Each structure stands twice: as C-alpha cells, then as structure tokens.
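S.K.: One structure follows; several queries about it will come next.
Number of protein chains: 2
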Amino acid sequence: MDVELVSIGDELLLGFTIDTNAAFFAREAAALGIQVVRRATVGDGAEAIASAVKEALVRTGAVITSGGLGPTADDLTKPSIAALFNRGMRLDAAIVESLRARWKARGWPGELPEANRAQAMIPEDAVILENRHGSAPGIWLEDEAGRWVAMLPGVPREFRGMTRDVLLPRLVGMGAGGTVVRSRTLRTTGIAESALADALGPLAKDPEGVALAYLPGWEGVDLRLTVRDLPGDEADRRLDAAATALRARVARHVYGEDDADLAVLVLEALRAQRMRIAVAESCTGGMLGMRLTAIAGSSDVVHGGVIAYDNAVKTGQLGVRPETLAAHGAVSEETAREMASGVRERLGVDVGVSITGVAGPGGGTPEKPVGTYCVAVDVRGALRSFRASSVGDRHEVRQRATQAALSLVRASLGR
Amino acid sequence: MDVELVSIGDELLLGFTIDTNAAFFAREAAALGIQVVRRATVGDGAEAIASAVKEALVRTGAVITSGGLGPTADDLTKPSIAALFNRGMRLDAAIVESLRARWKARGWPGELPEANRAQAMIPEDAVILENRHGSAPGIWLEDEAGRWVAMLPGVPREFRGMTRDVLLPRLVGMGAGGTVVRSRTLRTTGIAESALADALGPLAKDPEGVALAYLPGWEGVDLRLTVRDLPGDEADRRLDAAATALRARVARHVYGEDDADLAVLVLEALRAQRMRIAVAESCTGGMLGMRLTAIAGSSDVVHGGVIAYDNAVKTGQLGVRPETLAAHGAVSEETAREMASGVRERLGVDVGVSITGVAGPGGGTPEKPVGTYCVAVDVRGALRSFRASSVGDRHEVRQRATQAALSLVRASLGR
Numbered sequence: 000m001d002v003e004l005v006s007i008g009d010e011l012l013l014g015f016t017i018d019t020n021a022a023f024f025a026r027e028a029a030a031l032g033i034q035v036v037r038r039a040t041v042g043d044g045a046e047a048i049a050s051a052v053k054e055a056l057v058r059t060g061a062v063i064t065s066g067g068l069g070p071t072a073d074d075l076t077k078p079s080i081a082a083l084f085n086r087g088m089r090l091d092a093a094i095v096e097s098l099r100a101r102w103k104a105r106g107w108p109g110e111l112p113e114a115n116r117a118q119a120m121i122p123e124d125a126v127i128l129e130n131r132h133g134s135a136p137g138i139w140l141e142d143e144a145g146r147w148v149a150m151l152p153g154v155p156r157e158f159r160g161m162t163r164d165v166l167l168p169r170l171v172g173m174g175a176g177g178t179v180v181r182s183r184t185l186r187t188t189g190i191a192e193s194a195l196a197d198a199l200g201p202l203a204k205d206p207e208g209v210a211l212a213y214l215p216g217w218e219g220v221d222l223r224l225t226v227r228d229l230p231g232d233e234a235d236r237r238l239d240a241a242a243t244a245l246r247a248r249v250a251r252h253v254y255g256e257d258d259a260d261l262a263v264l265v266l267e268a269l270r271a272q273r274m275r276i277a278v279a280e281s282c283t284g285g286m287l288g289m290r291l292t293a294i295a296g297s298s299d300v301v302h303g304g305v306i307a308y309d310n311a312v313k314t315g316q317l318g319v320r321p322e323t324l325a326a327h328g329a330v331s332e333e334t335a336r337e338m339a340s341g342v343r344e345r346l347g348v349d350v351g352v353s354i355t356g357v358a359g360p361g362g363g364t365p366e367k368p369v370g371t372y373c374v375a376v377d378v379r380g381a382l383r384s385f386r387a388s389s390v391g392d393r394h395e396v397r398q399r400a401t402q403a404a405l406s407l408v409r410a411s412l413g414r
Numbered sequence: 000m001d002v003e004l005v006s007i008g009d010e011l012l013l014g015f016t017i018d019t020n021a022a023f024f025a026r027e028a029a030a031l032g033i034q035v036v037r038r039a040t041v042g043d044g045a046e047a048i049a050s051a052v053k054e055a056l057v058r059t060g061a062v063i064t065s066g067g068l069g070p071t072a073d074d075l076t077k078p079s080i081a082a083l084f085n086r087g088m089r090l091d092a093a094i095v096e097s098l099r100a101r102w103k104a105r106g107w108p109g110e111l112p113e114a115n116r117a118q119a120m121i122p123e124d125a126v127i128l129e130n131r132h133g134s135a136p137g138i139w140l141e142d143e144a145g146r147w148v149a150m151l152p153g154v155p156r157e158f159r160g161m162t163r164d165v166l167l168p169r170l171v172g173m174g175a176g177g178t179v180v181r182s183r184t185l186r187t188t189g190i191a192e193s194a195l196a197d198a199l200g201p202l203a204k205d206p207e208g209v210a211l212a213y214l215p216g217w218e219g220v221d222l223r224l225t226v227r228d229l230p231g232d233e234a235d236r237r238l239d240a241a242a243t244a245l246r247a248r249v250a251r252h253v254y255g256e257d258d259a260d261l262a263v264l265v266l267e268a269l270r271a272q273r274m275r276i277a278v279a280e281s282c283t284g285g286m287l288g289m290r291l292t293a294i295a296g297s298s299d300v301v302h303g304g305v306i307a308y309d310n311a312v313k314t315g316q317l318g319v320r321p322e323t324l325a326a327h328g329a330v331s332e333e334t335a336r337e338m339a340s341g342v343r344e345r346l347g348v349d350v351g352v353s354i355t356g357v358a359g360p361g362g363g364t365p366e367k368p369v370g371t372y373c374v375a376v377d378v379r380g381a382l383r384s385f386r387a388s389s390v391g392d393r394h395e396v397r398q399r400a401t402q403a404a405l406s407l408v409r410a411s412l413g414r
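Heads up: the protein sequence lines correspond to chains A and B, in order. Heads up: the first sequence runs through residues 0 to 414, numbered per numbering that gives the first Met the number 0. Heads up: the second sequence runs through residues 0 to 414, numbered per numbering that gives the first Met the number 0.
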C-alpha cells in the first residue's frame, strides 16, 4: 500500500520545529509493507492544507495528516479537509463529554473552556480514531471511491501512540502490507568505510541479493541491509543470510546490530567478568564517564573516575610522572597508559581506561594535529593502548575518541 | 519572496534520516524575509523528483532542492530537472579538474574514479553554485519566465554552508525580502512555565503586540518573541521593546538570548574573576565536566574533576565524611556540599561544584523519589546549595541537574 503524509503547521514550515513524526511513521509503516511515497509540509492556512491534501488524494488516494487538530482558531485541518469531501461539521456530544471528564480529572479550574469544544467538532460521517495519549481524537474520512484521509494530532507523543495503537492496525486490517521493506544494521567501529568495503570483497555490493548501504558516523560505520518487495518470511531469511555472510568477513569490527550501544556491551562484559571500571579523561572532559553512566544500572560496575583536564590533575590525582609529560607530551600513548593505570590503582578497581587528545580547534601541532587522540586500558595490570586520528569538529573528535576507548575496553576484555 | 523546498532521498522518505536541512533553511530565510510556503519530500526516483519540482515551479516558480547530487547512479536530481527545463547535460571540464585536484589533495589512491565524474555533469546553460564545503557543486537553472530551481547537496554541512555562502546572498541580490518574520528568544532557567507566566502578569500574552511562545526544555523555559509582516527596522524595534519589558519582570531568571549556552556564560564569569573550577559528579557521571569542556578554550578555567559515582570515591577522593553519608544519604545537600568543598580543596582551585541525585529509573524512595537532585557550589569557602526535583527520564534528569549546577555557579559568582 502506498500512502502520502501531509505535515501541517507554521512551526514546521518556519523551521522552529523539526518534523520527527514523518520519519517515525515511515519507519514503522515500512516494516508492515506500507510505503510512504511522498511527504508535504504546509502551514496552518486552510487553503494550503486543502490543496496539499487534494493533490495527494488525486495522486495516491491515501493520506495521513499530522497537526492542526488543537483547540485554537489556527487549527483548521478538520474543516479544510471536510470541505474537500463536501461534508459539514457537527459537534460530537461524546467527545465533549470525554473532554469535560478529562478537564475535571486533571483538577483544572472551572468548566471546560468554550475554545476546547472546537476539538469536539468533527466532519459529518467521519470515523473517530481514539486518542489514548491526549485530548484531540483523530479523524478518518473516506469517499465513495475509497480514497481516505486519516487526521492525527501533531504532538509527537500523541502521533506516535495513535500510529501504533490505531492507524497501522487499521491499515493492516484493510489489507495493506504483503510485501515489505525490512532492514537490519550491523554496527562496526574502528574501521574506515573504504577498508570495510575492501575487507568485504565480493560482498561489498548487494550481498546475497540484499541492498547494502554504508552509513559512517562517529560511532563507526553502520552496514545497513535492506530488502524490499518480498513477503516477511522471505525478507527475514535473506537478511539473515546476508548478515551472516558479512559477519564472516568483518567479525572483529562488528559490535552489534541495529540499536546496539557499545557502552552497554562494555558494561555487560565487565559484569560477566565481575570487574569494576574507572575512567581518566583529559580532552573528553567526562564524556566517557557520562556514556557509561547513561545506562541504567551501571553503578554495579562503574566506580567513578578523574577528569584530568589540566596536567596538574594528571600528575596530582593520577600519578602521571612529570618526566612522561615532559618527554612525550600530554597527548601520547605513554601518558594515556599512566593515566589508565593511575586511575585503576587509585580508585582500586579492575579496569582503568583513559583518553587524552587534541579536540581542537586550537592546540594542534605538526606532530599532533587537531583530531589526534590516544586511548589506553589497564586490565589488572595488562596494558593496551593506541593512537589514532579523528575527522570532524571538537564535538565529533571527542565522540570518536570516547567510542574508541569503549572499543578498546571491549577488545581488552576478550569481547 | 515565496519559495518551496523539495528534499530528495529514499533515506528521508523511509525515515532513516531526519530532514534538518529544510528547517535550517526556513529559519535562515525567514530572517531575510524569504518565506518557505511549502515543502515536499520525495524519493530518489527521476519521475518523483520531476513531478514534485514541476508542481512547485507551477505554483511558486521558486524552488530549492536538497539531495541527489552525489556520484552514484541513484543521484538523479540534475538530469530529472534538466529534462523539465528541456536542457541536455554536458561534462564541465573545470569541475572535473577541481574534483581531480580535491582527490589528489586528500591523498586518496589512484586516479579520480569514473563514477565521480558524474558530479561534473551539469545541465546546459546552468549556473554553477560554488560549494566550498564538499565536492558536488550546486546548480541554478532558470527559464525565460524567470522560474528557477536551485539544486544543493543534501549533506547537512554542505547544504548549510552553501545556503549561507551562496544561495541566500543570491536571493537577496534578486530583491527578495521586504517584510520579514523575525524572532528573538530570552532563555530562562530555574523557573517553571506557569510561574513565569504569573511573574510576567499582563505581559504573559503578546507583550508590546509581539507574539510570545513558551518553549520548555531541559535547559529551562525559552520565551520566543516573533513578529511577522513588518519591515526589518520596525520588526527589530518591536522585538527590542518586548524583550526589554519581559526582562524587567523576570531578569534574574534570564541568562541569555537566542543560542546562549549557560556553560559559556559560566566560563566567562570565571575568566572575568580569574577563578578556576573543578567538578564533583555523582549521578551525572561526567556530564557537567563534558559540558564545560565542550567549549573551545575552556582549559584556562576548567581544571578537572572527580566522577564520584560510587560512595567509596566520594569518601576516598573527595573526603566526604562517612558520617555525612550515613546521616543524610548520598543524595543530600550535606553530601553535595562536602563534595564541592572536597573537589575544590583537593584539586586546589577557587570554585568546586557538585551534583548528586537519583537519575532513575531505579533507586527512588518516598523521601527521595526519582528525579531528586542536590547541587552545591563552593567559591573560596563560601557554600551555596539547593535540592530540587526534575521531571523526565534518566537522561533528562541528568541534563536538568547539570543545568541547575551551572546556574548555581553563575549565581554564586554574582552573575
């Protein structure tokens, strides 16, 4: 089934709000074989809404709108689209009742304001789509030829909830689906896109007949496999085969699939070996600690750390030797190794991990240009370290250095 | 001037990528009086591109596309739109030369691949829009009636750079502008939306005839003032008047305007008073250190810190007294104060700042539910602290606690 999306709102058109509803719907729908073939964004004007929806109805006959269902005068989605279908508007008593009950239940003062009654005005012969996530219900309008518009609220929580609860089940019930778009992602880190392609050899392009995309980012290069126009079982079989073939070639760089987070995997590896970790951070200033503690339940393995931004903290709190700093500089494997060992010993844990680097934009030298970083890991006295270089701005350099440190911890734990 | 945007790419349509280019363009353009009146998103197919661009040309006659200018076979923007204008394609020798030079300058192996030459194919009689941010140049096509399409790359860095360098100056040169949409944002923190509205009194709605929106987020509540359909000077005058009136009512909660970052303001306050700072973080695990060191040049005032996630680190590295932990718990103002003083003394700096809290989802108690946090600041021995509570998930609690700590540092420095 092909559908079009029309996102409604001056905020979207003016760029004050980024439209995340459309991408959410597209991903959820694709997994069920429902394809978004076009999206439009228009402002709150009645004419703009009507023309965009009309064009989509003529083209595709299946339209989902988001936004413009609120209680205020600039919420014109319902009357504009009702007019397209030659329908009048009526006040729905049941909706008024539920709005009133909601108002009371929340303990808001006085009676339901008149303005809010606009949310109970619906087109004649419309189907009401229940909204369990907010006050404005959705609306479904359909003509004799079977062309339809589903109107959903624009608030992301409500749009997402209703998409899952109400809209997608309804479309599937209408016989949407069959062939699907499905995808799977292998997440790699520590290897460049071109090196990955080399390592994959003949699999670099469309392994097992599955489309392969390379998506580089600061976490590494994601390998996204996508199949289209196949029944669900066959789609999954092909994805399995392709993922297995890719893993056979680049296993040591693959740390997980889909939404896998390297920090989660590091915590699991530590937990499995009953080890505790501490961090020593210079250029990242706390980012590695933040990533590890972003995971709920991390306190059983994360002990703490030292942010050694100034060299005085490296020597004073971590025991880095002044001679090491003098001979090799703060950004060196030698310093990183002393930082890792120092934090491990001083905080009394099994694993110490450190980062030091030149995040930029200033501070680069010919020998150590901006983007240079060193990471080190000390696992009960066994040291590993490397030096690398990152592209990107200050933020990206810090992100990449943090990811590299996590990757080295994982490798050092034999994962 | 009214323009339409057409965003091109299967990635966008499938929801794998969120379109941030369109919002960026809309904001930048609005400030110059150029209005985006409609946006469309289509996939990589030639037919879809041509039909969306054609409709926009008929409607508005002024179209900006993003995406589909790359070197691969699925990049069909240029030929699809050239066909609409009845133009052939030609290889541009100067572009080939610049691609080749770029290839060499980067030290990539071998000669420029044949595929990359596609980026040098341009429609006949096109104007080339210089791209100083990437390899694919932009293209400007115009017909006898003055209808035009500007084609820009989809990579956000390139799209943004070219919008600022090339496209907007060109549109302004064509006489775009006149009446404008302009906005200004006052950033507040440490006060709830409803309390702000109360404090603003009669100014809570449309002060000085300027539209006022309340935008709550983890950094605080932004007050966005917007004026439309006025000449630039008059718009600025109204915004000034409204901003001044609002500031008079809520001055102590306003920390800056527009993109102001509280971390930057804290660094400036420290620098002005020649003070150095160190952080002591429990539940935020390094987030405060990360925010302060995210700012280039922070090393003159940021010394470092201790991530005291485990209580053993609070006592061992910060000198928090076991009796304090026993009597008041890790999440208490008492503990926060000892953490702040401990990090200040042990790292030998002027200012120590600390955070301890229950980020959740576990760990809450009736007395200290999830979202409770305490922050403390020690400026050369003068202590301030408070306890507060945050809504939201683990990430948001940590973000809000970090912002609260920055806000307390700023207040403690008399800013």
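Even for Gly, the Cβ is constructed at its ideal location relative to N, Cα and C. Here the structure is a predicted model, which means the values were calculated and not measured.
Between F23 (chain A) and chain B, is the shortest Cβ-Cβ distance under 8 angstroms, so that the two count as touching?
M.R.: Judged by the 8 angstroms Cβ criterion, F23 (chain A) is in contact with chain B.
S.K.: Between S298 (chain A) and chain B, is any beta-carbon pair separated by less than 8 angstroms?
M.R.: Yes, because at least one Cβ of chain B sits closer than 8 angstroms to the Cβ of S298 (chain A).
S.K.: Which residue comes first and which comes last in the alpha helix (DSSP H) that contains I48 (chain B)?
M.R.: It spans A45 to R58 - the alpha helix (DSSP H) in which I48 (chain B) sits, taken as one unbroken run.
S.K.: Which runs of the beta strand (DSSP E) at least 3 residues long sit entirely within the segment 172-250 of chain A? Give them in chain order.
M.R.: Runs of the beta strand (DSSP E) inside the segment 172-250 of chain A: 178-187, 210-216 and 219-230.
S.K.: Going by the beta-carbon positions, is the gap between R414 (chain A) and L261 (chain A) smaller than 8 angstroms?
M.R.: No. Outside cutoff.
S.K.: So, under 8 angstroms CB-CB, D349 (chain B) and R237 (chain B) are touching, yes? Tell me the CB distance rounded to an integer number of Å.
M.R.: Contact flag wrong, Cβ pair sits at about 43 angstroms.
S.K.: Between the beta-carbon of V305 (chain A) and the beta-carbon of L324 (chain A), is there less than 8 angstroms?
M.R.: Going by C-beta atoms, V305 (chain A) is not nearer than 8 angstroms to L324 (chain A).
S.K.: Decide if V278 (chain A) is buried, meaning its Cβ has at least 16 other Cβ atoms within 10 Å, or exposed.
M.R.: Classification of V278 (chain A): buried, given that the 10 Å Cβ count is 16 or more.
S.K.: The alpha helix (DSSP H) with M286 (chain B) in it runs from where to where?
M.R.: Note, M286 (chain B): alpha helix (DSSP H), M286 to T292.
S.K.: Could you check where the alpha helix (DSSP H) with I441 (chain B) kicks off and where it finishes?
M.R.: The question about residue 441 (chain B) has no answer, for chain B in this structure spans 0 to 414.
S.K.: Using a threshold of 8 angstroms, state whether the C-beta atoms of M338 (chain A) and M289 (chain B) are closer than that.
M.R.: No; because the gap between Cβ atoms is not below 8 angstroms, this pair is not in contact.
S.K.: What is the DSSP secondary structure of Q272 (chain A), counted as helix, strand or coil?
M.R.: Q272 (chain A) falls in the coil class under three-state DSSP.
S.K.: Can you pull the chain B residues whose beta carbon is under 8 angstroms from the beta carbon of V278 (chain A), in chain order?
M.R.: Chain B residues near V278 (chain A): G285 and I306.
S.K.: Less than 8 angstroms between the CB atoms is what I'm expecting for S281 (chain B) and Y308 (chain B), so what's the real figure, rounded?
M.R.: S281 (chain B) to Y308 (chain B), Cβ: 6 angstroms. Contact.
S.K.: Are three or more beta carbon pairs between the segment 186-197 of chain B and the segment 242-255 of chain B nearer than 8 angstroms?
M.R.: As far as the Cβ criterion goes, the segment 186-197 of chain B touches the segment 242-255 of chain B, which means the pair count is three or higher.
S.K.: Using a C-beta cutoff of 8 angstroms, does A431 (chain A) count as contacting chain B?
M.R.: This structure leaves residue 431 (chain A) out entirely; chain A is present only between 0 and 414.
S.K.: Please state whether DSSP places D377 (chain A) in a helix, a strand or coil.
M.R.: Note: D377 (chain A) maps to strand in three-state DSSP.
S.K.: For Q118 (chain B) and K77 (chain B), I'd like the C-alpha separation in whole angstroms.
M.R.: Computed Cα separation, rounded: 9 angstroms.
S.K.: Going along the segment 304-332 of chain A in order, which residues come within less than 8 angstroms of chain B, judged by CB to CB distance?
M.R.: Of all residues in the segment 304-332 of chain A, G304, V305, I306, A307, Y308, D309, A311, V312, G315 and Q316 have a Cβ within less than 8 angstroms of some Cβ in chain B.
S.K.: Please check the pair C415 (chain A) and G356 (chain A), which I expect to be a contact at CB under 8 angstroms, by giving their CB distance rounded to whole angstroms.
M.R.: In the structure displayed, chain A extends from 0 to 414; residue 415 (chain A) sits before or after that span and is not available.
S.K.: Using a threshold of 8 angstroms, state whether the C-beta atoms of R37 (chain A) and V52 (chain B) are closer than that.
M.R.: For R37 (chain A) and V52 (chain B), no; Cβs fall outside 8 angstroms.
S.K.: Using a Cβ cut-off of 8 angstroms, which residues of the segment 41-64 of chain B contact any Cβ in chain A, in chain order?
M.R.: Per Cβ criterion, the list reads V41, G42, A47, A51 and E54.
S.K.: Taking C-alpha atoms, which residue in B:A293, B:E113 and B:L195 lies nearest to L245 (chain B)?
M.R.: Taking only the C-alpha atoms, the option nearest L245 (chain B) is B:L195.
S.K.: So what does M150 (chain B) bridge to, in DSSP terms?
M.R.: DSSP, once it has assigned bridges, lists B:T64 and B:I138 as partnering M150 (chain B).
S.K.: Helix, strand or coil for H132 (chain A) per DSSP?
M.R.: Correct three-state label for H132 (chain A): coil.
S.K.: Using alpha carbons as the reference points, say which of B:E141, B:V2 and B:D91 lies closest to L12 (chain A).
M.R.: Per the Cα distances, B:V2.
S.K.: Distance, Cα to Cα, R156 (chain A) vs P365 (chain A)?
M.R.: Spanning the two alpha carbons is a distance of roughly 50 angstroms.
S.K.: Going by other Cβ atoms of all chains shown within 10 Å of its Cβ, with 16 needed for buried, is M150 (chain A) buried or exposed?
M.R.: Buried.
S.K.: Pairs of beta-carbons, one from the segment 395-413 of chain B and one from the segment 221-233 of chain B, closer than 8 angstroms: are there three or more?
M.R.: In short, these stretches do not touch, since the Cβ pair count stays below three.
S.K.: Measuring CB to CB, does P122 (chain B) end up less than 8 angstroms from R86 (chain B)?
M.R.: Yes, the pair counts as a contact, with Cβ atoms nearer than the cut-off.
S.K.: Does T292 (chain B) get closer than 8 angstroms to chain A when you measure Cβ to Cβ?
M.R.: So, interface residue.
S.K.: Using 8 angstroms as the limit for Cβ to Cβ distance, is V95 (chain A) near chain B?
M.R.: No, no contact with chain B.
S.K.: Along the chain, where does the alpha helix (DSSP H) that runs through Q118 (chain A) open and close?
M.R.: Counting along the chain, Q118 (chain A) falls outside any alpha helix (DSSP H), and DSSP gives it neither H nor E.
S.K.: Give me, in chain order, the residues of the same chain whose beta-carbon lies closer than 7 angstroms to that of T283 (chain B); leave out the 5 immediate sequence neighbours on both sides.
M.R.: Taken in chain order, the residues that qualify are I354, R397, A400 and T401.
S.K.: Determine whether the beta carbon atoms of V430 (chain A) and A45 (chain A) lie at a separation below 8 angstroms.
M.R.: Residue 430 (chain A) is absent from the structure shown; chain A starts at 0 and stops at 414.
S.K.: Answer with yes or no whether the minimum CB distance from I17 (chain B) to chain A is below 8 angstroms.
M.R.: With 8 angstroms as the cut-off, I17 (chain B) counts as an interface residue toward chain A.
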